[in-house]
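Read the structure below first, then the notes.
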Amino acid sequence: MYHPTVDRVKNLLASHQIEFDFFDHEPVRTSEEAAKVRTGYSINQGAKALIVKVTGRVGVETYLMLVLPGDKRFDSKLAKSSLEAKAMRFATEAEVSSLTQGVQVGGVPPFGSLFSLPTFVDPLVLANEKIVFNAGDRCASIGIASQDYLKVENPTVLAIVSD
Numbered sequence: 052m053y054h055p056t057v058d059r060v061k062n063l064l065a066s067h068q069i070e071f072d073f074f075d076h077e078p079v080r081t082s083e084e085a086a087k088v089r090t091g092y093s094i095n096q097g098a099k100a101l102i103v104k105v106t107g108r109v110g111v112e113t114y115l116m117l118v119l120p121g122d123k124r125f126d127s128k129l130a131k132s133s134l135e136a137k138a139m140r141f142a143t144e145a146e147v148s149s150l151t152q153g154v155q156v157g158g159v160p161p162f163g164s165l166f167s168l169p170t171f172v173d174p175l176v177l178a179n180e181k182i183v184f185n186a187g188d189r190c191a192s193i194g195i196a197s198q199d200y201l202k203v204e205n206p207t208v209l210a211i212v213s214d
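Note that our numbering has the sequence shown beginning at 52, numbered continuously upward.
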């Protein structure tokens, strides 16, 4: 039995007539583990979603979703600069769970809109024709065309990883 967010992601894609590949697999936590169970996709096609807490220039704190390629490391200095933030930190597991209605870290899909979170995607994610991501559960992944992801989520494209 999957987390209910898996159905929310599937329904979101279906409502936009988006074709997708669905993968049922053993629980995965890292991009490396996920790449091994997503047949036909490579690690660089993975789109990993991170939730961060950002303090803006005027001191207002907010949570954001950042989406980066599975084979890249998050560059906090670049992201902080790109977002014009005074401070930034990863959301805690408890915060992620609260913000996503119980989705575990490692299972968060790259659709901040499902959780009322602004979404920012690194352009390297979109350099792939297709992307693949955890669908709301560590045991479920979905692959779609990157242009379909843009159409459905309409994220802000922003450099958040170093090449």
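Glycine residues also receive a C-beta, built at the ideal position from the N, C-alpha and C atoms.
Which two residues bound the contiguous alpha helix (DSSP H) that contains residue i?
i, result
"Tyr114", "Taken as a continuous stretch (DSSP letters only), Tyr114 belongs to no alpha helix (DSSP H), being part of the beta strand (DSSP E) at 112 to 120."
"Arg59", "56 to 66"
"Ser192", "That residue, Ser192, is in no alpha helix (DSSP H); its beta strand (DSSP E) goes 191 to 196."
"Leu150", "144 to 150"
"Val176", "174 to 177"
"Val88", "82 to 88"
Comparing alpha-carbon positions, which option in the options lies nearest residue i?
i, options, result
"Met116", "Lys123, Leu150, Glu83", "Leu150"
"Gln96", "Val208, Leu209, Ile182", "Ile182"
"Thr90", "Ala138, Phe73, Lys123", "Phe73"
"Ala191", "Ala65, Ala86, Ile69, Ser66", "Ala86"
"Thr81", "Ser148, Arg59, Ala98, Ile69", "Ala98"
"Ser148", "Val88, Pro160, Lys61, Gln198", "Pro160"
"Val105", "Thr170, Pro174, Gly194", "Thr170"
"Ser213", "Gln152, Phe125, His67, Thr113", "Phe125"
"Ser164", "Glu180, Ala136, Ser127, Lys202", "Lys202"
"Thr143", "Lys61, Gln198, Leu101, His76", "Leu101"
Under the rule that 16 or more other beta-carbon atoms within 10 Å means buried, what is residue i, buried or exposed?
i, result
"Asn205", "exposed"
"Met57", "It should be pointed out that residue 57 corresponds to Val in this sequence rather than to Met. It counts as buried."
"Asp188", "buried"
"Pro120", "buried"
"His67", "exposed"
"Asn185", "buried"
"Gly157", "buried"
"Asp75", "exposed"
Rounded to the nearest angstrom, how far is the Cβ of residue i from that of residue j, given a contact under 8 Å?
i, j, result
"Ser133", "Leu209", "5 Å"
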